[in-house]
Each structure stands twice: as C-alpha cells, then as structure tokens.
Amino acid sequence: EPASGYGRNYAIKQGEKLVSVIENNYTQKGNYPESIDHIYMNIPKPWVMGIDKFLYERNGKGYNISFVQWQHFGATEEIVMYNKNDEHNIKGHFASYNVKKPHWKYFWLD
Numbered sequence: 027e028p029a030s031g032y033g034r035n036y037a038i039k040q041g042e043k044l045v046s047v048i049e050n051n052y053t054q055k056g057n058y059p060e061s062i063d064h065i066y067m068n069i070p071k072p073w074v075m076g077i078d079k080f081l082y083e084r085n086g087k088g089y090n091i092s093f094v095q096w097q098h099f100g101a102t103e104e105i106v107m108y109n110k111n112d113e114h115n116i117k118g119h120f121a122s123y124n125v126k127k128p129h130w131k132y133f134w135l136d
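Numbers 27 to 136, taken from this note's numbering, label the letters of the sequence shown in order.
Have a look at this one:
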C-alpha cells in the first residue's frame with residue numbers, strides 16, 4: 027500500500043494539470059471535448075512506474091479522467107477516476123475508496 031498510495035497520489039497530482047486544461051477549454055468553447063488529443067499537444071503523463079497514461083471520456087454533462095495500476099502483484103486492478111460531478115461508474119468493482127482530492131475515487135476489481 028505505501029508504494030501504490032504514493033503512485034496514486036502522484037498520478038492524481040499530474041491529473042489535476044489535465045483537469046485544468048480541460049476546464050480552460052470548456053471556458054473558451056462552452057463544451058467538453060470529445061477527445062483530449064486535439065486540445066493539448068503535451069498531455070501530462072502520470073510519470074509513475076506501472077501507470078502508463080491518462081484515459082479520458084465524456085460522461086453526460088462532464089467527463090472522466092482515469093488511470094489504472096495493479097495491486098497485490100497483479101491480482102487486483104485499481105482504477106482511479108476523476109469526475110467533477112461525482113458520477114463515478116465502474117462496473118464490477120468489489121471496493122471503492124475516496125481520496126483527499128475532491129472528485130477523485132479509486133476502485134478495486136478482480
């Protein structure tokens with residue numbers, strides 16, 4: 027847990043930069059992008075071993091930003107997700123947890 031907790035928190039910190047870019051885009055254009063590839067050429071990376079990239083998807087009147095890391099030597103998948111409307115929807119999870127940053131949660135799946 028200490029290593030995965032550190033990795034999770036660091037990647038969330040990096041993810042906050044992406045949230046900022048998306049919210050600035052919304053302020054300028056009045057809607058959330060279908061994809062983040064065209065709004066930001068240098069999408070922040072998690073920069074954590076085992077966490078490859080951020081995933082983005084539109085979700086109703088908002089969006090999700092997420093990343094995946096593994097717990098327990100690859101036996102448990104952890105999905106960490108940001109949703110500013112707190113409409114997190116992860117199917118098949120057996121546990122969910124809040125983090126100290128608003129609108130972020132993480133979920134454990136088999």
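Ideal Cβ placement from N, Cα and C applies to all residues, glycine included. This structure is a prediction, so every number in the text was calculated from the model and none was measured.
Which residues in the same chain as Trp73 place their Cβ atom closer than 8 Å to its Cβ, once the five residues preceding and following it in sequence are excluded? Here the set comprises Tyr36, Ala37 and Gln40.
In chain order, what residues of the same chain lie with their CB nearer than 8 Å to the CB of Val45, ignoring the 5 residues before and after it? Only Ile91, Tyr108 and Lys110 meet the Cβ criterion.
Ala101 to Ala121, Cα distance in whole Å? Taken atom to atom, the span from the alpha-carbon of Ala101 to that of Ala121 is near 14 Å.
Spatial neighbours of Tyr82 within its chain, please: C-beta separation below 6 Å, excluding the five flanking residues on both sides. Same-chain partners within the cutoff: Ile62 and Ile91.
In chain order, which continuous runs of the alpha helix (DSSP H) of length 4 or greater are located wholly inside the segment 32-65? For the segment 32-65, not a single whole alpha helix (DSSP H) run of length 4 or above is found.
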